[in-house]
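In this note's numbering, the protein residues as written are 170 to 415.
Just so it is clear, CB atoms sit at the ideal spot from N, CA and C, and this is done for glycine as well.
To keep things clear, I will list the structure first and then write my remarks on it.
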Amino acid sequence: GFSAELAKRDGVKLSMANSLWADPDRVTLNDEYVQNMQEYFDSAVKTADFDNPATVKAINDWIAGKTNNLIRDMLDEIPEVAVSYLINAIYFKGDWTVKFDKKKTKEADFHLADGGTKTVKLMSRNDDIPYSEQDGVQIAKLTYGKDKKNAMWILLPNEEKGLDQLVKDFDAATFKRWQQRTWEREGTIKLPRFKLHFKKELSDSLKAAGIVKAFDVDQADFKHFGERKLGPIFINRVPHAAVGSV
């Protein structure tokens with residue numbers, strides 16, 4: 170299957186895991202929905218007592234186990250209105266196609282968006298690198314693994330553009346255009362080693378994107394999912410977390 174093919178890749182580990190957690194005292198799941206989750210999404214289906222604080226730990230432990238212990242304590246509590254959790258965990262670890270020479274990693278100043286500087290470990294590599302300069306932004310692509318099917322895209326705005334304006338202007342169409350106009354050329358790239366931690370509740374963002382009815386108790390239609398014993402089923406929370414490092 171798909172997961173088996175992912176496991177065969179050289180220099181890249183990419184795994185995905187899904188699970189469905191439900192409290193049978195709060196919801197009766199549709200059998201067909203459960204079967205589809207297991208068959209098409211290879212999802213684990215677990216029943217649990219949502220009134221028991223130990224369930225929070227069990228869910229958090231499952232997430233930690235599927236993310237190499239990088240994402241922990243995802244849930245702090247289970248609200249009384251919650252009947253089920255659908256969880257998707259993705260773990261990626263890749264070796265650069267062309268590795269940075271550790272001997273060339275030096276401490277140097279990194280210029281912050283607010284005008285300050287910070288001393289960081291700066292990796293350096295001189296090579297043929299996909300690169301372009303467009304709309305006041307320098308763009309570079311660094312690939313992972315021997316098959317080069319995954320890559321990190323690096324965007325660096327000039328001083329006139331600035332980081333805030335880059336974020337404001339950035340969208341999928343713009344990024345696609347930049348990608349299409351980026352090609353290999355010889356040069357030097359310097360990249361700081363860093364760790365990234367991001368956690369946010371995405372309900373407002375999804376509503377702003379047009380997904381509204383699913384969050385409205387009077388409009389949501391989840392009859393194919395199951396039946397909530399205390400009333401209609403709707404989406405209450407969409408917590409998201411990401412951790413990364415270079």
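Burial state of residue i (16 or more Cβ within 10 Å)
i: Ile298; result: buried
i: Leu311; result: buried
i: Thr216; result: exposed
i: Trp231; result: buried
i: Ile142; result: Any answer about residue 142 is impossible in this case: the structure gives the chain only from 170 up to 415.
i: Pro193; result: exposed
i: Thr286; result: exposed
i: Lys235; result: buried
i: Phe363; result: exposed
i: Trp190; result: buried
i: Ala186; result: buried
i: Pro326; result: buried
i: Ser416; result: Beyond the ends of the chain as shown, which are 170 and 415, falls residue 416; an answer cannot be given.
i: Gly413; result: exposed
Whole-number beta carbon distance between residue j and residue i, since they are thought to touch under 8 Å
i: Leu305; j: Gly180; result: Before going further, note that residue 305 is Gly rather than Leu in the sequence given. At roughly 34 Å, the Cβ-Cβ gap does not stay under 8 Å, so Gly305 and Gly180 are not in contact.
i: Thr358; j: Ala383; result: It is worth fixing the name first, because residue 358 is Ile in this sequence and not Thr. Contact flag wrong, Cβ pair sits at about 42 Å.
i: Ser253; j: Val196; result: 6 Å
i: Val386; j: Pro401; result: 6 Å
i: Thr274; j: Met292; result: 5 Å
i: Phe367; j: Ala411; result: 5 Å
Bridge-paired residues (DSSP) for residue i
i: Leu324; result: Ile308
i: His393; result: His393 is not bridged to any residue.
i: Asp191; result: Sequence check: residue 191 is Ala here, not Asp. Paired residue(s): Thr216, Ser253.
i: Gly263; result: Val181
i: Arg294; result: Ile358
i: Ala278; result: Looking at the sequence itself, residue 278 is Asp, so the reference to Ala does not match. In DSSP, Asp278 forms a bridge with Thr288.
i: Ser414; result: Lys364
i: Ser301; result: Ile308
i: Pro408; result: Glu370
i: Glu353; result: Pro299
Residue i (DSSP reduced to helix, strand or coil)
i: Asn403; result: Residue 403 is actually Phe in this sequence, not Asn. DSSP places Phe403 in coil when its eight states are reduced to three.
i: Met206; result: helix
i: Asn319; result: strand
i: Phe367; result: strand
i: Leu332; result: helix
i: Glu246; result: coil
i: Leu239; result: coil
i: Val381; result: coil
For this session: Would you check if there are 3 or more beta carbon pairs closer than 8 Å linking the segment 231–246 to the segment 201–212?
Result: no
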